[in-house]
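**Student:** The structure that follows is given in the form of C-alpha cells.
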Amino acid sequence: MRTPSHEIITAVPVSFTDDGALDLDGTREILRYVAGSGVQGALVLGTTGEFPALSIPERNAVAALAVQVLHGIRVIVHVGAASRYEVSQLIEGARASGAREIAILTPFYLPAPPDEVFAFFRDATAEADGLDVHLYLFEARTGVRVDVELLVRLAQLPNVVGVKVSGEPLDRIPLYRARLPEGFRIYTGSDREFAAAIAAGADGVISGVASAFAKPFVEMRAALQRADTEAVANLQNDVDEAVAAICGEPTRMRAVHRLAGRPVGRSRMPIPEPGPEELQRLARALPQFH
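Under this note's numbering, read the sequence shown as residues 219 to 508, first letter to last.
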C-alpha cells in the first residue's frame, strides 16, 4: 500500500523595492524564514514568485540565492516560460545554481495542442538530463489543458518525477494516481485542501500561504502522519483561517514578513497592497500562524 509523504513545499514570493527593482536582500529574508519553518522544501519562481515579471538573469539570480539559503531542504526551481528558447536558458541557470529539481509549466498564452505540449516537455526534459523534473499544470492561468491521457504520456518521459496540479477539483487526483507510475509524486496547489488532497492520493501541497503562515501546515502534517483525525479536523480551521487571511496574494505574504520585522519589499506586478483592515487581520494572525 502506498504511503503518502505528506510533504509541504512552500511557494516562495520574491521581494522588490518600491521602484520595482529586484530586492535580493528582502528575498533572502523570506527564504530564511522558509528554511527554518519546518517545511520539506520550496518552489521558487512560480506563480507566487511573480516569474512572468522577472528577466532570465533575475530568475537565475533568485535560483542561486534559494539554493544557497535553503541548503537544508529541497529546492525546486521553476524554469517554465512561454518558449523553449527561454526554458533552455533557465534550465542552464538552475543547473549552474546547484539545483537538483526543477518545475516546468506548460507553454502558455497561445493555445497549444496536445502533441505540441508533449514535444515541448519532451525536448525540455531531454535538456534537463540529471535533474528531477516536476510538471506544473495550471490551466486557469495558462489556457492549456493537460488531460489524464496526456499526463500519462508526459510521466513516461525521462527525469519526470512529479506534477503540481493547480485549479483542478480533488476528484482528479485519484484518476491521476490510478494511471501514473508507482512513486510518481502528485502535489496539489490548493493550500486549503492539504489534508483532503492527501486523502485523495496526493503526496503533499505546494503552498504559498506557508511562506508566511507555516505553522498550521506543519501542525497539520504532524497530525496526518500520526493519523489523528480529531486533530486534523481541528487544525483544518486554522488552515482555513490562514488561507483566508492571505487570500492568495503575494503582497499579503510579504506584509506578514514586514509585520514580523523583516525588511521585505513590495510586488513588481500590479497586485494591490493590503489595506488597513487586511493588515490588522494579518497582525492578529501573526502570533498564532507565523
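Don't be surprised by glycine CBs; every beta carbon is placed ideally from N, CA and C.
1) My guess is that Ala260 and Val297 are in contact by the Cβ rule of under 8 Å, so how many angstroms apart are they, rounded?
2) Taking only the alpha-carbon atoms, compute the straight-line gap between Pro270 and Ala253 and give it to the nearest angstrom.
3) Quick one: measure Cβ to Cβ for Ile322 and Val351, integer angstroms, because I've assumed they're closer than 8 Å.
4) Who are the near neighbours of Ile309 in its chain, counting only those whose CB is closer than 6 Å to its CB and skipping five residues on each side?
5) May I ask you to report which of helix, strand or coil DSSP gives Leu393?
6) Would you check if the distance between the CB atom of Phe234 and the CB atom of Arg486 is smaller than 8 Å?
7) For Gly311, count neighbouring C-beta atoms within 10 Å of its own C-beta (all shown protein chains included) and say buried if the count is 16 or more, exposed if not.
8) Taking 8 Å as the threshold, find out whether the stretch 446-462 comes into contact with the stretch 274-291 through three or more Cβ pairs.
9) Are three or more beta carbon pairs between the stretch 392-404 and the stretch 416-427 nearer than 8 Å?
10) Bridge partners of Ala314, per DSSP?
11) Identify which residue in Gly264, Leu272 and Glu304 has its Cα closest to the Cα of Val295.
12) Taking only the alpha-carbon atoms, compute the straight-line gap between Lys433 and Leu242 and give it to the nearest angstrom.
13) Along the chain, where does the alpha helix (DSSP H) that runs through Val370 open and close?
14) Can you give the Cα-Cα distance for Met334 and Arg444, rounded to whole angstroms?
15) Just to confirm before moving on: does the CB-CB distance between Ala435 and Ala441 stay below 8 Å?
16) Measure the beta-carbon distance from Leu372 to Val378 and round it to whole angstroms, keeping in mind my assumption that it falls under 8 Å.
17) May I ask you to list the residues that DSSP assigns as paired with Ala260?
18) Assuming the contact rule is C-beta atoms closer than 8 Å, Leu453 and Val474 should be a hit. Round their C-beta distance to whole Å, please.
19) To the nearest angstrom, how far is the alpha carbon of Gly348 from that of Ser384?
20) In chain order, what residues of the same chain have a beta carbon less than 7 Å from the beta carbon of Glu411, not counting five sequence neighbours either side?
21) Which two residues bound the contiguous alpha helix (DSSP H) that contains Ala321?
22) Output needed for Ser306: all residues of its chain with C-beta closer than 7 Å, excluding positions within five of it in sequence on either side, in chain order.
23) Since Val262 and Ile291 should fall inside the 8 Å C-beta cutoff, what is the C-beta to C-beta distance between them, to a whole number of angstroms?
24) Assign Asp237 to one of two classes, buried (16 or more other C-beta atoms within 10 Å of its C-beta) or exposed (fewer than that).
25) Buried or exposed for Gly267, going by 16 or more other Cβ atoms inside 10 Å?
26) In the DSSP output, which residue or residues are listed as bridge partners for Ile424?
27) Under the three-state reduction of DSSP, which class applies to Gly380: helix, strand or coil?
28) Once DSSP output is grouped into helix, strand and coil, what is the label at Thr538?
29) Just to confirm before moving on: does the CB-CB distance between Glu247 and Pro481 stay below 8 Å?
**Tutor:** The structure says:
1) For the purposes of this step, residue 260 is taken as the residue at position 42 of the sequence shown. For the purposes of this step, residue 297 is taken as the residue at position 79 of the sequence shown. Not quite, the Cβ-Cβ distance comes to about 15 Å (not below 8 Å), so this is no contact.
2) On the sequence shown, residue 270 is found 52 positions in, with the first residue counted as 1. On the sequence shown, residue 253 is found 35 positions in, with the first residue counted as 1. Taking the straight line from one Cα to the other gives about 25 Å.
3) Within the sequence shown, numbered from 1, the residue matching residue 322 stands at position 104. Within the sequence shown, numbered from 1, the residue matching residue 351 stands at position 133. Confirmed, Cβ separation roughly 6 Å.
4) Taking the first residue of the sequence shown as position 1, residue 309 is located at position 91. Closer than 6 Å at the Cβ level, and outside the excluded window around Ile309, lie Val297, Glu345 and Ala346.
5) Looking up residue 393 in the sequence shown gives position 175. It is helical.
6) For the purposes of this step, residue 234 is taken as the residue at position 16 of the sequence shown. For the purposes of this step, residue 486 is taken as the residue at position 268 of the sequence shown. In contact: Phe234 and Arg486 (Cβ atoms closer than 8 Å).
7) Taking the first residue of the sequence shown as position 1, residue 311 is located at position 93. It is buried - the Cβ of Gly311 has at least 16 other Cβ atoms within 10 Å.
8) no
9) yes
10) Taking the sequence shown and counting its residues from 1, one reaches residue 314 at position 96. None, per the DSSP bridge assignment.
11) Along the sequence shown, one-based indexing puts residue 295 at 77. Closest by alpha carbon: Gly264.
12) Residue mapping note: residue 433 aligns to position 215 of the sequence shown, counting from 1. Residue mapping note: residue 242 aligns to position 24 of the sequence shown, counting from 1. If you take the alpha carbons of Lys433 and Leu242, they lie about 25 Å apart.
13) Numbered from 1 along the sequence shown, position 152 holds the residue referred to as residue 370. That run of the alpha helix (DSSP H) goes Val366 to Ala373.
14) Residue 334 sits at position 116 when you count from the first residue of the sequence shown. Residue 444 sits at position 226 when you count from the first residue of the sequence shown. Checking the sequence shown, residue 334 turns out to be Glu, not Met. Cα to Cα, the separation comes out at about 44 Å.
15) Position 217 of the sequence shown, counted from the start, is the residue given in the question as residue 435. Position 223 of the sequence shown, counted from the start, is the residue given in the question as residue 441. Checking the sequence, you will find Phe at residue 435 rather than Ala. It is not a contact, given that the beta carbons lie outside the stated cut-off.
16) On the sequence shown, residue 372 is found 154 positions in, with the first residue counted as 1. On the sequence shown, residue 378 is found 160 positions in, with the first residue counted as 1. The Cβ separation is near 6 Å, so the contact holds.
17) One-based indexing of the sequence shown puts residue 260 at position 42. Ala260 is bridged to Thr228 and Val293.
18) Stepping through the sequence shown from its first residue, residue 453 is reached at position 235. Stepping through the sequence shown from its first residue, residue 474 is reached at position 256. With a Cβ gap of about 19 Å, Leu453 and Val474 do not count as contacting.
19) Along the sequence shown, one-based indexing puts residue 348 at 130. Along the sequence shown, one-based indexing puts residue 384 at 166. Rounded to whole angstroms, Gly348 to Ser384 spans 26 Å at the Cα level.
20) The residue labelled residue 411 in the question sits at position 193 within the sequence shown. Around Glu411: Leu388.
21) Within the sequence shown, numbered from 1, the residue matching residue 321 stands at position 103. Taken as a continuous stretch (DSSP letters only), Ala321 belongs to no alpha helix (DSSP H), being part of the beta strand (DSSP E) at Glu319 to Leu323.
22) Taking the sequence shown and counting its residues from 1, the one referred to as residue 306 is at position 88. Correct list, in chain order: Glu345.
23) Taking the first residue of the sequence shown as 1, we reach residue 262 at position 44. Taking the first residue of the sequence shown as 1, we reach residue 291 at position 73. Between Ile291 and Val262 the Cβ distance is about 12 Å, and since that is not below 8 Å, they are no contact.
24) The count along the sequence shown starts at 1 and reaches residue 237 at position 19. Per the 10 Å Cβ criterion, exposed.
25) Taking the sequence shown and counting its residues from 1, the one referred to as residue 267 is at position 49. Buried, since its Cβ has 16 or more Cβ neighbours within 10 Å.
26) Here residue 424 refers to the residue found at position 206 when the sequence shown is read from its first residue. Ile227.
27) Taking the sequence shown and counting its residues from 1, the one referred to as residue 380 is at position 162. Here Gly380 sits in strand by DSSP.
28) The shown model of the chain, from 219 to 508, leaves out residue 538, and the question about it has no answer.
29) Counted from its first residue, the sequence shown places residue 247 at position 29. Counted from its first residue, the sequence shown places residue 481 at position 263. Yes. Within cutoff.
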